[in-house]
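Throughout, my numbering is defined as the position within the sequence shown, counted from one, plus 231. A short worksheet on the structure shown next.
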Amino acid sequence: MSEINGDFVNEAERRTPVYKRVGVLVCGSGSAGLAAAVSAARNGADVLLIERNPFLGGQSTAAFQNWFGGPTDILTGFAQEFAGRLDERGGARLLERYRTQTAKTGIKPLTYHIAIEPEEWKYLAADMVEEAGAKVLTNTLVTGAIVENQVVKGVIIENKSGRQAILADVVVDATGDADIAARAGVPMDKLPKSGYLIAMIPGFRVGGIDYQKIADYAREHPDDFWPNQGVPPGDFDGENMASIQGIAGWFSLVKEGKEKGEFPDELAGISLQVNPLHIKRGIGYFIGAHLSSSTKEGKRFPWNAEDVAKVELAGRNRARKFAEFLKKVPGFESSFLIEVSPSVGPQDSRRIIGEYVLTRKDEYEGRTFDDDIALITMTWPDLPVSEAEDDGWMMHPIVEEMSPEWREGRGAARFQVIFGVPYRCLIPKNFDGLLVAGQTISMTYMAHEPGPCRGMIPCMHWGQAAGTAAAIASKQGISPG
Numbered sequence: 232m233s234e235i236n237g238d239f240v241n242e243a244e245r246r247t248p249v250y251k252r253v254g255v256l257v258c259g260s261g262s263a264g265l266a267a268a269v270s271a272a273r274n275g276a277d278v279l280l281i282e283r284n285p286f287l288g289g290q291s292t293a294a295f296q297n298w299f300g301g302p303t304d305i306l307t308g309f310a311q312e313f314a315g316r317l318d319e320r321g322g323a324r325l326l327e328r329y330r331t332q333t334a335k336t337g338i339k340p341l342t343y344h345i346a347i348e349p350e351e352w353k354y355l356a357a358d359m360v361e362e363a364g365a366k367v368l369t370n371t372l373v374t375g376a377i378v379e380n381q382v383v384k385g386v387i388i389e390n391k392s393g394r395q396a397i398l399a400d401v402v403v404d405a406t407g408d409a410d411i412a413a414r415a416g417v418p419m420d421k422l423p424k425s426g427y428l429i430a431m432i433p434g435f436r437v438g439g440i441d442y443q444k445i446a447d448y449a450r451e452h453p454d455d456f457w458p459n460q461g462v463p464p465g466d467f468d469g470e471n472m473a474s475i476q477g478i479a480g481w482f483s484l485v486k487e488g489k490e491k492g493e494f495p496d497e498l499a500g501i502s503l504q505v506n507p508l509h510i511k512r513g514i515g516y517f518i519g520a521h522l523s524s525s526t527k528e529g530k531r532f533p534w535n536a537e538d539v540a541k542v543e544l545a546g547r548n549r550a551r552k553f554a555e556f557l558k559k560v561p562g563f564e565s566s567f568l569i570e571v572s573p574s575v576g577p578q579d580s581r582r583i584i585g586e587y588v589l590t591r592k593d594e595y596e597g598r599t600f601d602d603d604i605a606l607i608t609m610t611w612p613d614l615p616v617s618e619a620e621d622d623g624w625m626m627h628p629i630v631e632e633m634s635p636e637w638r639e640g641r642g643a644a645r646f647q648v649i650f651g652v653p654y655r656c657l658i659p660k661n662f663d664g665l666l667v668a669g670q671t672i673s674m675t676y677m678a679h680e681p682g683p684c685r686g687m688i689p690c691m692h693w694g695q696a697a698g699t700a701a702a703i704a705s706k707q708g709i710s711p712g
C-alpha cells in the first residue's frame, strides 16, 4: 500500500520482474541509438533496442528534424552506409551523386547538406536493425537506472506490460537527453552563462506545394533569399542539386507579413526542407518554429515535462498561423497543413561530464587525440576566441535573436579545421557499465553549440563507436572504459 506524506508519496517495497538480460541494451533509436544497436549486433553482441515512440528514428522522424546535418562531404562509417541506402530509396541525395553530375553537366550544386524523408528513414532504420539481428521494443519508456557501486547494471522500464527491469552487460544511453545517465547520478555539465539552451523545434509538414512557382519566384527575386539557399539552375526537380538545408528566404514577404500582423512574430523567416521525393509529391517540411528556452516566464528545458508540453502547444499554434500566411506566398497558394510533428526536437540538452570534456578551444585549434573515434570538419568565422570557455559568444543564436546584421555577419572571413573527438567523451566520469552517445556526450556548451558534434552524422559516429565498444566489452567480459 502507498501512503501520502505531505508533498511526497511513500511507495511500498515491490519486486520488479526482470523482462530480459542482454549483452548490450541501447536506449533510444535516433541517429546515435540506431548506429549503436546495429554496430553492436554486427559485432556479435546480444542487443536489445528500446524506443519510447511506436517507430524508430528519434528527432529525424518524431520531430521532423529532416536535415541530415553534419560534415556531409566526408561521410564515413555507418553514417555513409545509412545515407547511401537512404539515397537508393529516394529518401535523400548524396554529395557523390552531385560530384559525378557536376563533372558531366558543369552545374555545381548549391550546398552539400542532405534533407531526408522521415517515412523512408523509419523503414530503413527498421530494416537495418532487423538485418543486424538486434531485437526491438517500442512504446517503452525508461523510468530508472539500476546502479550498484557506481556500475550501471540495467534500467527500469514502463510499457503496456507494466513496470519491468532489463539487465545488461553494457547500457548505451542514446535518449537524446541523457535520461539514463541523469537517473544514474552521472554529473552533468553546467548551463551556459546565459542560463538557456538552444531552441526546441517542432516541425510540420505541408502539402499542395507548387515547386515550379517557387523556382520562378526565386529566380526573379534572388536577393529575397539567403545566399546559396534559393533554387539551382536547370529544371527544379531535385535531381540537379544536393538536397539543401532549406530554400530559405522570402525576406520581403516575411517583412510585409510581420508589418500586417499576418506572420507569426516569433518566427524569423521561412525555411523549406527539400528533397526529390518532396518535390515530386508537392510536400515540404518546415522546422522554422524555433521556441526559445528563455521566456518571460522563465527557462524551458527538454527534460522538464511541463516545459515540453508548453513548447508543443505553442509550436502547434505557430504552425497553424504560419500555414495560413503561406497561402499568400507564390507556390503555396493551394498549400495546406498536413501535420505537426509528434514531438519537439531539442537542439540542446544535458551533457555528461565524461573522462574527457571536449571544449570549443579543442575544436577551434584542430586538436586530435590518441583515442579519437572520428575526425570532424568545422568551418569557423574568423573571430577571436577568448580563453574563457563560456564568454557569451554564440555562433548559432536562437532564431528570435537573428537579424539582418547577423545574417550579413555570416559572410565574414572563415577558416576550416579538422578536430578529433576522443572515445573518453562517451564514458561517464567515475561510472562503469554505461556509454553515452548522441548530442549529450561529454563536451562544453560552447563546444556543442556551433553544431559539429550534435548533428545526425556526428551522432551516428558516436553511436557506432559506443555500439562497437559495448559489444567488445560484453563479449570479453570487460569494462567499456
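Don't be surprised by glycine CBs; every beta carbon is placed ideally from N, CA and C. In this text, all values refer to a predicted model and were calculated from it rather than measured experimentally.
In the structure shown, ASN390 falls within a strand segment according to DSSP collapsed to helix, strand and coil. Secondary structure at ASP400: strand, using DSSP grouped into helix, strand and coil. The continuous alpha helix (DSSP H) containing GLU361 extends over residues 349-363. Under the rule that a run must span 3 or more residues, the beta strand (DSSP E) segments found entirely inside the segment 410-459 read 435-438. The beta carbons of ALA415 and VAL383 sit closer together than 8 Å.
Per DSSP, the beta bridge partners of TRP298 are ALA346. The beta carbon of ALA263 lies closer than 6 Å to those of ALA405, ALA668, GLY669, CYS690, TRP693 and GLY694 in the same chain, with the five residues before and after it left out. Less than 8 Å separates the beta-carbon of LEU657 from that of GLY585. For the options SER260, ASN535, VAL505 and ARG591, the alpha carbon positioned closest to that of GLU348 is the one of VAL505.
Following the DSSP letters along the chain, one finds ALA479 inside the beta strand (DSSP E) bounded by residues 478-480. One thing to note: LEU355 has its Cβ within 8 Å of the Cβ of LEU317.
The continuous stretches of beta strand (DSSP E) do not include GLY712, and DSSP gives it neither H nor E. Inter-segment contact for the segment 284-292 and the segment 359-369 is present: three or more beta-carbon pairs are separated by less than 8 Å.
Its Cα nearest to that of LEU279, the residue ALA399 stands out among TRP352, ALA399, LYS391 and LYS353. In this structure, GLY438 places its C-beta atom within 8 Å of the C-beta atom of ILE514.
The Cβ neighbour count for PRO659, taken over all protein chains shown within 10 Å, is at least 16; the residue is labelled buried. Judged by DSSP in its simplified three-state form, GLN695 adopts helix. C-alpha of LYS251 to C-alpha of PRO683: approximately 36 Å in a straight line. Burial is judged here by how many other beta carbons sit within 10 angstroms of a residue's own beta carbon; ALA540 has fewer than 16 and is exposed. About 12 Å separates the Cβ atoms of ILE411 and VAL401, ruling out a contact at the 8 Å cut-off.
Restricting attention to ARG581, ASP603 and PHE650, the CA atom closest to the CA of PRO418 is found in ARG581. Within the same chain, and ignoring the five residues on either side of SER574 in sequence, the residues whose Cβ sits closer than 7 Å to its Cβ are ALA293 and ALA294. Counting the other CB atoms within 10 Å of its CB gives GLN296 a total of 16 or more, which places it among the buried residues. Rounded to whole angstroms, the gap between the alpha carbons of SER233 and GLN395 is 19 Å. In the pairwise beta carbon analysis, the segment 480-495 is classified as touching the segment 547-564: at least three pairs are separated by under 8 Å. Here the alpha carbons of THR590 and SER566 stand approximately 44 Å from one another. Looking at the backbone, the Cα of HIS679 and that of VAL255 are separated by about 27 Å. Shown here, PHE662 sits in coil according to DSSP, grouped into three states, outside any helix or strand. Taking ASP420 as the centre and dropping the five residues before and after it, the same chain places the C-beta of ARG581, ARG582, ILE583, ILE584, VAL588, SER673, MET674, THR675 and TYR676 closer than 8 Å to its C-beta, in chain order. For LYS444 and GLU451, the gap between their C-alpha atoms comes out near 11 Å. DSSP, reduced to helix, strand and coil, places SER502 within a strand of the structure shown. Note: VAL383 is bridge-paired with VAL378 in the DSSP secondary-structure output. DSSP, reduced to helix, strand and coil, places ASN241 within a strand of the structure shown.
By the 16-neighbour rule on beta-carbons within 10 angstroms, PRO453 is exposed. Ranked by how close their Cα comes to the Cα of SER502, the residues TRP298, ASN390 and ILE604 have TRP298 in first place. Take ALA704, set aside five residues on each side of it, and the residues of its chain with a beta-carbon closer than 8 Å to its own are ASP400, VAL401, SER710 and PRO711, in chain order.
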